[in-house]
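Chains as they are written, first to last, in our numbering: chain A, 1 to 277; chain B, 278 to 756.
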């Protein structure tokens, strides 16, 4: 940047954004769980973008931090296998049901209840399966989740299903044995059919720990996309932007409510608007 | 959970300690560090500002009174420590038991915070203390939340009042009311009511919680919150406070690596104490909350109190007495004793969890994270591949025996060698300790034995070692 343009940008900044305004903006971004460091660098960049209004500049900068990767589900020629993973309590089982509902219009869906750990998780998925009319393959409680997944593939192939959705047990990413188990489930499936998508479910209320979750899950099972849940609460889900920015994993779906239909494809524009609203 | 936060504090104060005299600009930079550390830990911005303001003021007042040469860094550190404890609640509050039982505890919280699991943990905790809790399944929203509670109740042997299967139907207020009546008729002295999770903004569900509260008049309402929650913690907690209201907090999923700054935010802003923490997937992974312990964990001072308590719980008093006796007699510490010790350690939980409670754990975070628990299994395999004779006297381990042990355990001979070497060093250290040179011998024994990176000589069980091979076993029994 030459001296002249530097000077110009300074003029622009003093006209549009004063230091207190900038600090306030940064605080806003921090309050949305974007993270302090990223918030400050976003504000820095916003100063340098020339738009009609500061809001517009900020919007542009925020958008630029999102992943450029494809946000639709990649499908396979046979059964499209989708694994759903995440830490405890983010809404995996509910998301699996919503995804099933979403995919139903494109063909038969089979669900694998591979959360064999949490009490009554299998029943929870079965209840959803009955409600939407989708076959749920399950094993006994505490049975090997990989074997449930394996059985589910056979079932999906037998029914010439278009989609197989695999619900897995919630696990904290710092438990290496549980993360290894997840890797095993994926390898078992891949012996029969490729896994098209590994979706990580992130709770929109998650703080900075979300980054660590995404990083470690991605290392364990090559996460291809994120389902951002509970965005209808008081949280703005800024952690998802931090994840896209640092790990380049695209958000693919957003959970927006408690009913089975409340799942929408991710819309970058709306999301960014929500962040700074 | 507070690990990363601890690591940052440790670094900040390390820098401060390296200075002889602290100036006010040093304090400013410490405050900056604290600010970004707390923000990274998800402490709400408004709380961070309050916190640093208070520390800044106290430190500034303190500075002129400090003598040159006295430990100034320590004094500043103490200020931070005591402020943290103050925020976390100077004394941990406990459940207030009702004069006329049953004591009614109602759980509230966001979806996925871990209420149902927590209800069971709470019930187990109080059952073990001689109470007779009843669980009431009043989450009629989430599919199969009722079933989940029933399964958990069966596991812990606590009855579950569940007249409605839930899944969106039934009246939670009636269930709660009838449950209390049932508890009274069956003389339960404690009732724990699980309610549906809700989003802070959901009026309908919040109204239901309020209706339940008004109906059953709980003695304690506990707000259950996920320790991974971010900046929205305060808004959420406020919504619950203004809605159903709550008396205390329960922090869940503390076994993760989230820093749990939300806990600080809520206790500071809403002045509600953290009463319990939930630290794992097992029903027993649950404890009372101790503010001073948590503060020292945040500051990287370790949580020795909890560690000692767990050790006491895990160690079989008979085994300890036997060992002590042996020690007094002057007998050698053998690999057999080692096995028993390792078994006791296994009962205390994973090595990673234990190590993280030690002072300075924050700076060893990487090693602890990378701690390969299966190393313990390997060590165990090596020791179990030895004959009882060999375990009692490692000196007999010649090359042939070591090769056999390596084959038997599926490990390399070099690993067998390294285990034997470290064990011999520890044995020697024990001897020195007995001869009175305790301080020097102790660390040697520690580093010699359950060392972090290499062997983590560890856990093991097997009561009376016997070889799987009948011929070998016969040979063993001959000595």
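Glycine residues also receive a C-beta, built at the ideal position from the N, C-alpha and C atoms.
Query, Result
"Chain-ordered chain E contacts of residue 87 of chain A [CB-CB under 8 Å]", "Any reference to chain E falls outside this structure, whose protein chains are A and B."
"Any non-hydrogen atom of the ligand GTP within 6 Å of residue 422 of chain B CB", "With respect to small molecules bound, the structure shown includes none, and the ligand GTP cannot be examined in it."
"Boundaries of the alpha helix (DSSP H) in which residue 42 of chain A is found, first to last residue", "36-48"
"Delimiting residues of the beta strand (DSSP E) encompassing residue 256 of chain A", "Per DSSP, residue 256 of chain A belongs to no beta strand (DSSP E) and is neither H nor E."
"Sub-7 Å separation of residue 555 of chain B and residue 529 of chain B beta-carbons", "yes"
"Beta carbon proximity, residue 169 of chain A to chain B, threshold 7 Å", "no"
"Residues of the region 217-239 of chain A with Cβ closer than 7 Å to any Cβ of chain B, in chain order", "230, 232, 233, 234, 235 and 239"
"Residues of the region 387-400 of chain B with Cβ closer than 9 Å to any Cβ of chain A, in chain order", "387, 388, 389, 390, 391, 393, 394 and 397"
"Cβ distance (whole Å) where residue 264 of chain A is taken to contact residue 254 of chain A below 8 Å", "5 Å"
"Euclidean distance between Cα positions of residue 79 of chain A and residue 103 of chain A", "12 Å"
"Test: residue 174 of chain A CB closer than 7 Å to a CB of chain B", "yes"
"First and last residue of the uninterrupted alpha helix (DSSP H) at residue 135 of chain A", "Counting along the chain, residue 135 of chain A falls outside any alpha helix (DSSP H), though it belongs to the beta strand (DSSP E) covering 135-138."
"Against chain A: residues of the region 298-323 of chain B by CB proximity under 7 Å", "313, 316, 317, 319 and 322"
"Residue 150 of chain A - containing alpha helix (DSSP H), residue span", "145-158"
"Exposed unless 16 or more other CB atoms sit within 10 angstroms - verdict on residue 267 of chain A", "exposed"
"Secondary structure of residue 525 of chain B, DSSP reduced to three states", "strand"
"Per DSSP, cross-strand counterpart(s) of residue 438 of chain B", "B:413"
"C-beta contact flag for residue 428 of chain B and residue 121 of chain A at 7 Å", "no"
"Per-residue burial, residue 315 of chain B [other beta carbons within 10 Å of its own, 16 or more giving buried]", "buried"
"Pair within 7 Å by beta-carbon distance, residue 398 of chain B and residue 501 of chain B", "no"
"Between the CA atoms of residue 461 of chain B and residue 377 of chain B - distance to the nearest angstrom", "10 Å"
"Of the listed residues B:671, B:606, B:685 and B:539, nearest to residue 659 of chain B (C-alpha basis)", "B:685"
"Nonlocal neighbours in the same chain, by C-beta distance under 6 Å from residue 532 of chain B, ignoring five residues either side", "556 and 557"
"Closer than 7 Å to chain B by CB, residue 180 of chain A", "no"
"Inter-residue Cα distance where the pair is residue 142 of chain A and residue 176 of chain A", "19 Å"
"DSSP-derived helix/strand/coil call for residue 535 of chain B", "coil"
"Residue range of the alpha helix (DSSP H) that includes residue 54 of chain A", "54-64"
"Counted within 10 angstroms of its Cβ, other Cβ atoms place residue 349 of chain B as buried (16 or more) or exposed", "buried"
"Beta carbon proximity, residue 267 of chain A to chain B, threshold 7 Å", "no"
"Closest residue to residue 171 of chain A among B:446, B:420, B:470 and B:389 (Cα-Cα distance)", "B:389"
"Residue 468 of chain B: first and last residue of the uninterrupted alpha helix (DSSP H) it sits in", "Residue 468 of chain B -> not in any alpha helix (DSSP H); beta strand (DSSP E) instead, spanning 467-472."
"Inter-residue Cα distance where the pair is residue 278 of chain B and residue 509 of chain B", "Only weak support is given to the placement of residue 278 of chain B: the predicted model assigns it a pLDDT of 37, under 50, and the value that follows is read from those uncertain coordinates. So the two alpha carbons sit approximately 19 Å from each other."
"7 Å Cβ cutoff, residue 513 of chain B in contact with chain A", "yes"
"Enclosing alpha helix (DSSP H) for residue 103 of chain A [first to last residue]", "92-103"
"Local conformation of residue 342 of chain B per DSSP, three classes", "helix"
"Proximal residues, the region 105-123 of chain A versus chain B, C-beta separation under 8 Å", "117, 118, 119, 120, 121 and 123"
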